[in-house]
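First comes the structure, then the notes that go with it.
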Amino acid sequence: LSMATATESDRFIAGARLWGMPYPLALMTDSALRFIPEATATMEQVLLAQRSRGLDLVSGSYASRVGNLRYLLRPVVFTTILRCRKVAQAMEARGFCAGGGRTELVQLRFGWSDALLVFVVAALALAVVVWERAGGPVY
12 LSMATATESD
22 RFIAGARLWG
32 MPYPLALMTD
42 SALRFIPEAT
52 ATMEQVLLAQ
62 RSRGLDLVSG
72 SYASRVGNLR
82 YLLRPVVFTT
92 ILRCRKVAQA
102 MEARGFCAGG
112 GRTELVQLRF
122 GWSDALLVFV
132 VAALALAVVV
142 WERAGGPVY
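Listed below in structure tokens is the structure:
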């Protein structure tokens with residue numbers, strides 16, 4: 012998730028296309044991953060607003076706490092739907108899938124430096140797993 016949100020959309024989509032993902036699916040994946048931090052921020056804002064109004068999610072019966080979640084979920088879902096509609100309207104205004112082939116500004120190629128990076132990350136991940144199973148501290 013952090014890699015997807017820290018990478019520019021054009022590069023994320025180009026990388027997904029390089030791995031064989033169709034463009035519309037790559038765009039949807041990128042858009043969905045970009046909505047997660049926004050939905051989280053909206054949830055935090057709504058939670059603070061509802062707490063200031065006296066909403067209590069920690070005391071009371073289990074049923075009442077679950078019932079109180081509707082006061083959080085409704086605004087978050089509605090706000091997310093509104094954002095999705097705005098993005099859809101913007102994409103429609105820009106002619107997404109209006110016909111014709113796609114062109115890309117940046118042509119990515121999987122080179123030796125990419126392969127080396129994948130190998131190093133895999134080796135480090137394997138070393139952490141082996142270290143952890145051997146009883147070493149993992150911070």
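The sequence shown begins at 12 in the working numbering and counts up by one. Note that CB positions come from ideal geometry on N, CA and C, so glycine has one too. Given the structure is predicted, the values throughout are model-derived calculations rather than measurements.
List the endpoints of the continuous alpha helix (DSSP H) containing residue i.
| i | result |
| --- | --- |
| residue 70 | Run containing residue 70: none; DSSP gives neither H nor E here. |
| residue 49 | 34-63 |
| residue 2 | Because the chain here runs from 12 to 150, residue 2 falls outside it and cannot be looked at. |
| residue 18 | Counting along the chain, residue 18 falls outside any alpha helix (DSSP H), and DSSP gives it neither H nor E. |
| residue 89 | 81-104 |
For residue i, I'd like the list of residues in its chain whose CB is within less than 6 Å of its CB, leaving aside the five on either flank, ordered along the chain.
| i | result |
| --- | --- |
| residue 81 | none |
Measure the C-alpha to C-alpha separation of residue i and residue j and round it to an integer number of angstroms.
| i | j | result |
| --- | --- | --- |
| residue 57 | residue 63 | 10 Å |
Indicate whether residue i and residue j have their beta-carbon atoms separated by less than 9 Å.
| i | j | result |
| --- | --- | --- |
| residue 79 | residue 66 | yes |
| residue 51 | residue 90 | no |
| residue 119 | residue 22 | yes |
| residue 24 | residue 37 | yes |
| residue 76 | residue 68 | yes |
Tell me, to the nearest whole angstrom, how far the beta carbon of residue i is from that of residue j; I am working on the premise that it is less than 8 Å.
| i | j | result |
| --- | --- | --- |
| residue 49 | residue 94 | 7 Å |
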